[in-house]
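Residue numbers (the working numbering): 7 to 163. Where is the CB? At the ideal position from N, CA and C, for every residue including glycine. Read through the structure below, which is laid out as structure tokens, and then see the notes.
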């Protein structure tokens with residue numbers, strides 16, 4: 007065998023193998039690589055979009071949290087105002103009721119005072135009448151008269 011012929015045969019065989027690979031093997035590999043490249047690119051784009059959407063969502067979430075905090079603060083302030091108003095209203099109602107009760111007590115006290123004075127007047131009148139009756143029943147004597155007035159003053163005490 008001749009080395010040239012072997013080399014030439016190997017060259018032809020290599021050329022046919024290269025042609026066969028280029029015709030049948032290489033195109034599916036290139037197509038698969040292109041598809042994979044496209045998938046990787048779309049995945050990277052989707053990841054980038056996802057990252058930007060995540061940042062936007064975090065910003066929106068922070069804004070919503072801040073709004074919620076503001077609303078909560080407003081609600082607390084309004085509740086505090088309402089509580090203070092309710093306390094003030096309750097104080098006013100209590101003061102009015104206390105005034106009414108005081109007025110009723112004052113009226114009752116005045117009525118009791120008037121009634122007691124009338125009773126005392128009646129008792130004093132009765133005692134005076136008894137004293138006058140006793141004086142008239144006896145002779146008008148200065149000594150007896152002094153004794154009766156002493157007894158009368160003791161009964162009043």
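{"Item": "Extent of the continuous alpha helix (DSSP H) to which residue 28 belongs", "Value": "Premise fails: residue 28 is in no alpha helix (DSSP H) and is neither H nor E."}
{"Item": "Sufficient close CB pairs (3 or more, under 8 Å) joining the stretch 128-137 to the stretch 149-158", "Value": "yes"}
{"Item": "Distance between residue 88 and residue 102 (C-alpha atoms, nearest Å)", "Value": "21 Å"}
{"Item": "Rounded separation between residue 117 and residue 84 - CA only", "Value": "49 Å"}
{"Item": "Alpha-carbon spacing of residue 16 relative to residue 29, whole angstroms", "Value": "19 Å"}
{"Item": "Beta-carbon proximity of residue 126 to residue 158, cut-off 9 Å", "Value": "no"}
{"Item": "Backbone CA spacing between residue 123 and residue 130 [nearest angstrom]", "Value": "10 Å"}
{"Item": "Close-in-space but distant-in-sequence residues of the same chain around residue 38 (CB under 7 Å, 5 per side omitted)", "Value": "none"}
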